[in-house]
Amino acid sequence: MIREFAAEEIDPLAIGAWILGTGGGGSPYLAQLNLKQLYADGKTCRLIDPLALEDDDYVAVVSKMGAPLVGQERLVDPAHLARSVLVMEDYIGKQFRAIMSVEIGGGNAISPFLAGAVLDRPVVDADAMGRAYPEAQMTSFAIGDLQMYPLSLVDCRDNEVVVTRAASWKWMERISRKVCTEVGSTSATCKAPRTGKEVKEWGVLHTVTKATRLGQAVLKARAAHEDPIAAVLAHEGGKIVFKGKVADVDRRTTGGFLRGAAKLEGLDTDRGSKMELAFQNEWAVGFRDGEPVVMTPDLICVLDTVSGEAIGTETLRYGQRVTVIALPAPEILLTPKGLDHVGPRAFGYDLEFKSVFAA
1 MIREFAAEEI DPLAIGAWIL GTGGGGSPYL AQLNLKQLYA DGKTCRLIDP LALEDDDYVA
61 VVSKMGAPLV GQERLVDPAH LARSVLVMED YIGKQFRAIM SVEIGGGNAI SPFLAGAVLD
121 RPVVDADAMG RAYPEAQMTS FAIGDLQMYP LSLVDCRDNE VVVTRAASWK WMERISRKVC
181 TEVGSTSATC KAPRTGKEVK EWGVLHTVTK ATRLGQAVLK ARAAHEDPIA AVLAHEGGKI
241 VFKGKVADVD RRTTGGFLRG AAKLEGLDTD RGSKMELAFQ NEWAVGFRDG EPVVMTPDLI
301 CVLDTVSGEA IGTETLRYGQ RVTVIALPAP EILLTPKGLD HVGPRAFGYD LEFKSVFAA
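Residue 267 in UniProt numbering sits at position 267 of the sequence shown, and the numbers go up by one each step.
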């Protein structure tokens, strides 16, 4: 099934994807404006159900790659995302049936729409994470041991690179990240082409619809002057982890990532306690009074306590009143192999994964 993606769905998609992005994927605000301008110029987007793909269809997997903080200063033009797709088509000698995002997090959830609007290709209602993660080997396609090459990368200076082969997913991450860092820690990429069969078997399906409906639930709560965070929790089956205010943020861009930690001082029922949230583009582990209480792959989301708006690792500021919540992770990330790829040890923390949703 293919349907038109309405202009009225852009804002809900951005709101929902910013929440599901767990602090990463880049703020969707500028991508929102880009997509709205494309619609104003007469271009539109179509959304295709992944189950409607033919097994031998080719699907482009796009993303903005780099450090989120840099992405606020050096913007990725829709034409760059489209160009990464065309570079890949030229290299493989085949045309893509549709375009999808590598992650349903933040601005990257809108990336395939920008490329799709420019190239007039439908966007697949799926991604490869069900959230956002910083590295290439942290996808459902990597967990499925699918081929990780080739990869195309385009920047604003008219540089174009194709990584023709890599020894492993981690090597693909290292090589492409090095190139991205050299061009300024932000670029547009088209990942390894996927077939319709691979998307249906290994993608995280219907996540565009999920993000859009989540955003609609937040907007409905705001319009009714109800608690938007409660709406998020009810919609996604989430849990509150901590309420507080931002006391300090240690943030640095290094190696093409935004790394650091945020310190929160408790408010309301959490008064007297402290929380530290460590991040690598996305929130990875939360420590309450020194003890780990929430960790990847559970979705750690930091929301503005009043508006329910998600707050990214690059937009967190001293003094903000925030509510930290956890949302359930896609099942594939919770498998033993999934945890090898995206569990706390994948981020350098010697912790056994324990879900806040464990019985």
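Don't be surprised by glycine CBs; every beta carbon is placed ideally from N, CA and C. The structure presented is a predicted model; accordingly, all values stated were derived computationally and were not measured.
Discussion item. Measuring straight from C-alpha to C-alpha, what distance separates alanine 230 and valine 306?
Written reply: Counting from 1 along the sequence shown, the entry for residue 230 is found at position 230. Counting from 1 along the sequence shown, the entry for residue 306 is found at position 306. Rounded to the nearest angstrom, the gap between the Cα atoms of alanine 230 and valine 306 is 11 Å.
Worksheet item: CB alanine 128 to CB valine 154, shorter than 8 Å?
Response: Indexing the sequence shown from 1 puts residue 128 at position 128. Indexing the sequence shown from 1 puts residue 154 at position 154. Contact: no.
Item to complete: On a CA-only basis, which of Lys337, Glu8, Arg121 is nearest arginine 46? Give me that one, please.
Response: Residue mapping note: residue 46 aligns to position 46 of the sequence shown, counting from 1. Closest in C-alpha terms to arginine 46, from the list Lys337, Glu8, Arg121, comes Arg121.
Discussion item. Taking 8 Å as the threshold (C-beta atoms), are serine 152 and valine 246 in contact?
Written reply: Here the question's residue 246 lines up with position 246 in the sequence shown. Here the question's residue 152 lines up with position 152 in the sequence shown. Taking 8 Å as the Cβ cut-off, valine 246 and serine 152 do not qualify as a contacting pair.
Practice prompt. From the DSSP output, read off the bridge partner residues of isoleucine 300.
Written response: For the purposes of this step, residue 300 is taken as residue 300 along the sequence shown, with counting starting at 1. Bridge partners of isoleucine 300: Ala326.
Item to complete: Measure the Cβ-Cβ separation of arginine 97 and tyrosine 39 and say whether it is below 8 Å.
Response: Here residue 97 corresponds to residue number 97 of the sequence shown, with the count starting at 1. Here residue 39 corresponds to residue number 39 of the sequence shown, with the count starting at 1. One thing to note: arginine 97 has its Cβ no nearer than 8 Å to the Cβ of tyrosine 39.
Worksheet item: By Cβ distance below 6 Å, which residues in the same chain neighbour alanine 217 in space, the five residues on each side in sequence not counted?
Response: If you number the sequence shown from 1, residue 217 lands on position 217. Correct list, in chain order: Ala231, His235.
Worksheet item: Exposed or buried, which one is alanine 326 when buried takes at least 16 other CB atoms within 10 Å?
Response: Within the sequence shown, the letter at position 326 stands for residue 326. Alanine 326 should be labelled buried.
Worksheet item: In this structure, what does DSSP give as the bridge partners for valine 61?
Response: Stepping through the sequence shown from its first residue, residue 61 is reached at position 61. Answer is Met100, bridged to valine 61.
Item to complete: Take glycine 255 as the anchor and find which of Met65, Ser140, Ala17, Leu214 has the nearest alpha-carbon.
Response: By 1-based counting over the sequence shown, the position of residue 255 is 255. It is Met65.
Item to complete: Give, in chain order, every unbroken run of the alpha helix (DSSP H) that is at least 4 residues long and sits entirely within the stretch 173-211.
Response: Complete alpha helix (DSSP H) runs here, min 4: 196-202.
Worksheet item: Do glycine 107 and proline 28 have their C-beta atoms closer together than 8 Å?
Response: Walking along the sequence shown from the start, residue 107 turns up at place 107. Walking along the sequence shown from the start, residue 28 turns up at place 28. It is a contact, given that the beta carbons lie within the stated cut-off.
Fill in: Alpha-carbon spacing of cysteine 156 relative to alanine 115, whole angstroms
Position 156 of the sequence shown, counting from 1, holds the residue named residue 156. Position 115 of the sequence shown, counting from 1, holds the residue named residue 115. Here the alpha carbons of alanine 115 and cysteine 156 stand approximately 15 Å from one another.
Worksheet entry | Cα-Cα separation between aspartate 270 and glycine 308, rounded to whole angstroms | Within the sequence shown, numbered from 1, the residue matching residue 270 stands at position 270. Within the sequence shown, numbered from 1, the residue matching residue 308 stands at position 308. Roughly 18 Å between the two C-alpha positions.
Item to complete: Compare the C-alpha of alanine 358 against each of Ala261, Glu135, Val294, Gly338 and name the closest.
Response: Residue numbering aside, residue 358 sits at position 358 when the sequence shown is read from its first letter. Checked all of Ala261, Glu135, Val294, Gly338; the closest Cα to alanine 358 is Val294.
Worksheet item: Is the beta carbon of serine 84 sitting closer than 8 Å to the one on threonine 186?
Response: Taking the sequence shown and counting its residues from 1, one reaches residue 84 at position 84. Taking the sequence shown and counting its residues from 1, one reaches residue 186 at position 186. Between serine 84 and threonine 186, the C-beta gap is not smaller than 8 Å, which leaves the two residues out of contact.
Discussion item. Judging by CA-CA distance, which residue of Glu314, Tyr318, Ala284 is the nearest neighbour of aspartate 350?
Written reply: If you number the sequence shown from 1, residue 350 lands on position 350. Here the closest residue by C-alpha is Ala284.
Fill in: According to DSSP, residues forming a beta bridge with leucine 264
Numbered from 1 along the sequence shown, position 264 holds the residue referred to as residue 264. Per DSSP, the beta-bridge partners of leucine 264 are Val246, Met275.
Worksheet item: What's the gap between the Cα of arginine 3 and the Cα of phenylalanine 113?
Response: As a position in the sequence shown, residue 3 is number 3, starting the count at 1. As a position in the sequence shown, residue 113 is number 113, starting the count at 1. So the two alpha carbons sit approximately 13 Å from each other.
Item to complete: Please list, in chain order, all residues of the same chain as aspartate 250 whose beta carbon is under 6 Å from its beta carbon, the five residues on each side excluded.
Response: In the sequence shown, residue 250 corresponds to position 250, counting from 1. Excluding sequence positions up to five before and after aspartate 250, its CB lies within less than 6 Å of the CB of Gly260, Ala261, all in the same chain and listed in chain order.
Worksheet entry | DSSP-derived helix/strand/coil call for isoleucine 240 | For the purposes of this step, residue 240 is taken as residue 240 along the sequence shown, with counting starting at 1. For isoleucine 240, the secondary structure class from DSSP, reduced to helix, strand or coil, is strand.
Item to complete: Using beta-carbon positions only, say whether glycine 25 and alanine 14 come within less than 8 Å of one another.
Response: As a working mapping, residue 25 is identified with position 25 in the sequence shown. As a working mapping, residue 14 is identified with position 14 in the sequence shown. Glycine 25 places its beta carbon 8 Å or farther from that of alanine 14.
Worksheet item: Closest to residue 367 by CA distance: which of Pro193, Val322, Asp55 is it?
Response: Here the chain has residues from 1 to 359 only, and residue 367 is not among them.
Discussion item. Let me make sure I understand the geometry here. Which of Ser140, Ser176, Ile104, Arg321 has the alpha-carbon closest to that of glutamate 198?
Written reply: Residue 198 sits at position 198 when you count from the first residue of the sequence shown. The residue with the shortest Cα to Cα distance from glutamate 198 is Ser140.
Worksheet entry | Alpha carbon of glutamate 182 to alpha carbon of histidine 341, nearest angstrom | Residue 182 sits at position 182 when you count from the first residue of the sequence shown. Residue 341 sits at position 341 when you count from the first residue of the sequence shown. CA-to-CA, the gap between glutamate 182 and histidine 341 works out to about 26 Å.
Worksheet item: Looking only at C-alpha atoms, which of Thr313, Ala126, Thr323 sits nearest to phenylalanine 279?
Response: For the purposes of this step, residue 279 is identified with residue 279 of the sequence shown, where counting begins at 1. That would be Thr313, whose Cα lies nearest to the Cα of phenylalanine 279.
Item to complete: Please confirm whether threonine 22 and alanine 126 have their CB atoms less than 8 Å apart.
Response: Residue numbering aside, residue 22 sits at position 22 when the sequence shown is read from its first letter. Residue numbering aside, residue 126 sits at position 126 when the sequence shown is read from its first letter. Their beta carbons are not under 8 Å apart, which means threonine 22 does not touch alanine 126 by this criterion.
Practice prompt. Output yes or no for whether 8 Å exceeds the beta carbon distance between proline 50 and leucine 205.
Written response: Sequence index remark: in the sequence shown, residue 50 carries index 50 (1-based). Sequence index remark: in the sequence shown, residue 205 carries index 205 (1-based). Cβ distance < 8 Å, so proline 50 and leucine 205 count as in contact.
Discussion item. What residue range does the beta strand (DSSP E) around alanine 295 cover?
Written reply: Translated into positions along the sequence shown, residue 295 becomes position 295. The sequence shown places methionine at residue 295, rather than the alanine named in the question. Its beta strand (DSSP E) spans residues 291-295.
Worksheet item: What's the C-alpha gap between glycine 266 and isoleucine 332?
Response: Position 266 of the sequence shown, counted from the first residue, corresponds to residue 266. Position 332 of the sequence shown, counted from the first residue, corresponds to residue 332. Their backbone Cα atoms lie some 33 Å apart in a straight line.
Worksheet item: In or out: arginine 252 buried (at least 16 other Cβ within 10 Å) or exposed?
Response: Position 252 of the sequence shown, counting from 1, holds the residue named residue 252. Taking all protein chains shown into account, arginine 252 has fewer than 16 neighbouring C-beta atoms within 10 Å of its C-beta and is therefore exposed.
Item to complete: Note down, one range per segment and in chain order, each beta strand (DSSP E) of at least 3 residues found wholly within the stretch 105-145.
Response: If we require 3 residues or more, the stretch 105-145 turns out to have no beta strand (DSSP E) run fully inside it.
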